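Notes to accompany the following structure.
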Amino acid sequence: MTTLKIGDKAPDFSGIDQNGSTVQLKDFKGKKIVLFFYPKASTPGCTAEACDLQNNIERFLAQNYQVIGVSADSQKRQLNFAVKNNLQYPLIADEDKVVINAYGVWGPKKFMGREFDGIHRTTFIISENGFIEDIIAKVKTKEHTTQILK
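Everything in the sequence shown is counted per this note's numbering, starting at 14 for the first residue and increasing by one.
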């Protein structure tokens with residue numbers, strides 16, 4: 014789906030998180046970033062993925078990672094999702110799909126026999142100096158931490 018490749022410069026982004034704060038790629042220079050795109054807050058697969066990352070947040074922090082989630086949900090929906098699941102990392106509310114389109118994760122999908130446009134669940138691992146180190150397109154929602162911290 015995405016045209017980005019390992020080794021590419023990560024597209025710069027700026028978005029508003031669940032708390033109304035601005036989250037920008039440049040704010041995390043010197044940290045690795047787990048930038049995960051998910052279809053819809055509070056759905057079973059997205060909840061499993063977000064909670065797996067949260068349950069392992071200490072492991073990420075110990076290895077100098079910042080976890081950031083992105084979906085096209087509203088800020089209010091992101092806030093409800095974060096509060097309900099005690100998510101301690103930014104969730105960007107990308108209703109205009111600026112970040113989603115920059116990373117090329119929006120496109121045609123099939124679910125239960127119908128076709129529609131939506132977010133392809135994809136995770137980008139971004140290096141301390143802003144380059145894409147890995148792209149995980151086949152996310153295992155309940156084991157996502159293991160996929161990232163191989």
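Beta carbons: idealized from backbone N, C-alpha and C, even for Gly. Note that the structure is a prediction, hence the values are computed from the model and not measured.
- Look at LYS39 here: in three-state DSSP terms it is helix.
- For ALA106, the uninterrupted beta strand (DSSP E) segment begins and ends at 104–106.
- Around the beta carbon of SER27, a 10 Å sphere encloses fewer than 16 other beta carbons of the protein chains shown; the residue is thus reported as exposed.
- Counting of Cβ neighbours within 10 angstroms places ARG134 among the buried residues, the total reaching 16 or more.
- Contact annotation, ILE138 with LYS22: C-beta distance approximately 14 Å; criterion of less than 8 Å not satisfied.
- Less than 9 Å separates the beta-carbon of PHE94 from that of ALA63.
- According to the DSSP secondary-structure assignment, TYR51 is paired through a beta bridge with no residue.
- In the three-state DSSP reduction, THR159 falls in the helix class (H, G or I).
- For ASP65, the uninterrupted alpha helix (DSSP H) segment begins and ends at 57–68.
- Bridge partners of SER140 according to DSSP: none are assigned.
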